[in-house]
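Undergrad: Following this message is one structure expressed as structure tokens.
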Amino acid sequence: MHSRNIYRNGIDFAELSAVYPPLRKYIDKASNPHHKTIDFKDQDAQRCLTEALLHRDFKLKIRLPPDRLCPPVFSDFVSSLANITLASRYTDEPNTQSIVLGIDIGTGASAIYPLLACSLEKSWEFVVSEIDPSSFVTARQNISTNKLGDRIQIVQSHATSPILLPLHLDKERRFDFTMCNPPFYSSLQEVLQSAEAKQYRPNAVCTGAEIEMITSGGESAFVGKMVIESLDIRERYGILHCLGNCHQARLAAGLWAGHFPIHDYQIPSPVSRIRIQPYRNTYLLTIRYYNL
């Protein structure tokens, strides 16, 4: 857990529901009176929890459609990316821009990561893409509702578009990083198997649509294509940062979150490794080559 994570000591659900009244009806009446909680198998409760945390802690108001993914308030991902971005600017190729420019591939209906990032980092701006028409419309609304249209530009991609579409549309600027929470699964069967293996909490229920979770070849193939695409435009941005499925993402070295420097410099290990990851000598590293 990142040192900046405000949920290090857990969430006081009773206190949160007092600040965000819509959450009250989802408080589990059977839970410990001194440690209230919600039913994490209730999709509506999960959505309301995410909305409550974003409202109270980040002053963000978003709409989460019931048929799309309900993301956790994963500020660790943004904070670790901020560390890596800062470290990458102190290299042999210094970036003199005062604004940090980022790309989010497949931002989703919530657009949660660029919204969180702009809330936490006042000098950050984004160009984000979304392939699903329904999610695109909702993401654009969420960006507009929070008056961040001047810092977050959203573009619609298509099945025939390159994954790194924002880089092809905006050829004038250099971006500091590309972030992505890629589709984890290669088939509906994998989704069902994952659901059966899940424990009770948190996020024990899946609310996502197939277009958000499934891609040909799974997560490893998707990230691999991103890496290969980036080689032709490597001078346009610095870091490719992915939130990955530890079980499948061998391409990301089996890590829960992987970053890929697209240049010759190497980010210092303590910066690029999230605290919960084991040290290198505590796990076996499997290298596989994919025919992409």
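Take the sequence shown: its letter number 48 is residue 61 in our numbering, and every next letter is one higher.
Note that the Cβ used here is the ideal one computed from N, Cα and C, for glycine as well.
Using three-state DSSP, classify Gly-237 as helix, strand or coil.
TA: Reduced to three states, the DSSP call for Gly-237 is helix.
Undergrad: Would Phe-26 and Ile-51 qualify as a contact pair, given that the criterion is a beta-carbon distance under 8 angstroms?
TA: Yes, they are a contact pair.
Undergrad: If you follow the beta strand (DSSP E) that Thr-151 is part of, which residue opens it and which one closes it?
TA: From DSSP, Thr-151 is part of no beta strand (DSSP E) but of the alpha helix (DSSP H) over 146-158.
Undergrad: Work out the CA separation of Arg-76 and Ile-24 for me, nearest whole Å.
TA: About 22 angstroms.
Undergrad: Could you tell me the distance, in whole angstroms, from the CA atom of Phe-239 to the CA atom of Leu-128?
TA: A small fix is needed here, since residue 239 is Met in this sequence, not Phe. Roughly 23 angstroms between the two C-alpha positions.
Undergrad: DSSP has Gly-115 in a bridge; who is on the other side?
TA: Paired residues: Phe-139, Phe-190.
Undergrad: Please state the DSSP three-state secondary structure of Val-168.
TA: DSSP places Val-168 in strand when its eight states are reduced to three.
Undergrad: Provide the residue span of the alpha helix (DSSP H) that contains Asp-163, from first to last.
TA: Careful: Asp-163 lies outside any alpha helix (DSSP H) and carries neither H nor E.
Undergrad: Given a cut-off of 8 angstroms on the beta-carbon distance, is the pair Leu-82 and Gly-119 in contact?
TA: No; because the gap between Cβ atoms is not below 8 angstroms, this pair is not in contact.
Undergrad: Using 8 angstroms as the threshold, is the C-beta distance between Asn-194 and Asp-89 below it?
TA: Contact: no.
Undergrad: Give me the residue from Leu-73, Pro-79, Glu-64, Arg-69 with the minimum Cα distance to Pro-85.
TA: The candidate whose alpha carbon is nearest that of Pro-85 is Glu-64.
Undergrad: Taking all protein chains shown into account, do 16 or more other C-beta atoms lie within 10 angstroms of the C-beta of Tyr-126, making it buried, or fewer, making it exposed?
TA: Buried is the call here.
Undergrad: Roughly how many whole angstroms lie between the Cα atoms of Lys-184 and Leu-67?
TA: Between Lys-184 and Leu-67, the C-alpha separation is close to 33 angstroms.
Undergrad: Of the residues Pro-35, Leu-178, Phe-188, which one's Cα is nearest the Cα of Glu-248?
TA: Nearest of Pro-35, Leu-178, Phe-188 to Glu-248, Cα basis: Phe-188.
Undergrad: When the Cα atoms are used, what is the spatial distance from Ser-200 to Gly-162?
TA: Residue confidence is low: Ser-200 scores 48 on pLDDT, short of 50, so the model does not pin down where it sits. Its coordinate-derived value is still stated next. The alpha-carbon atoms of Ser-200 and Gly-162 are separated by roughly 35 angstroms.
Undergrad: Could you tell me whether the stretch 127-144 touches the stretch 170-179, using the rule of 3 or more Cβ pairs below 8 angstroms?
TA: Yes, they touch.
Undergrad: Which same chain residues end up closer than 7 angstroms to Lys-74 when comparing Cβ atoms and leaving out the 5 residues on each side of it in sequence?
TA: Only His-68, Thr-158, Asn-159 meet the Cβ criterion.
Undergrad: Of the residues Val-150, Thr-191, Ile-246, Thr-151, which one's Cα is nearest the Cα of Val-113?
TA: With distances taken between Cα atoms, Val-113 lies closest to Thr-191.
Undergrad: Less than 8 angstroms between the beta carbons of Arg-37 and Ser-30, yes or no?
TA: Yes, these two residues count as a Cβ contact at 8 angstroms.
Undergrad: Tell me the DSSP secondary structure of Ile-176 in three-state form.
TA: If DSSP states are grouped into helix, strand and coil, Ile-176 belongs with coil.
Undergrad: Taking C-alpha atoms, which residue in Lys-42, Lys-135, Ala-130, Leu-62 lies nearest to Tyr-33?
TA: Among Lys-42, Lys-135, Ala-130, Leu-62, the Cα nearest to that of Tyr-33 is on Leu-62.
Undergrad: Glu-134 and Ala-100 - do their beta-carbons sit closer together than 8 angstroms?
TA: No. Outside cutoff.
Undergrad: If you reduce the DSSP assignment to three classes, tell me which class Ile-75 lands in.
TA: Three-state result, Ile-75: coil.
Undergrad: By DSSP, does Ile-246 sit in helix, in strand, or in coil?
TA: Ile-246: coil per DSSP, three-state reduction.
Undergrad: Using alpha carbons as the reference points, say which of Asn-155, Phe-149, Arg-186, His-48 lies closest to Ser-170.
TA: Per the Cα distances, Phe-149.
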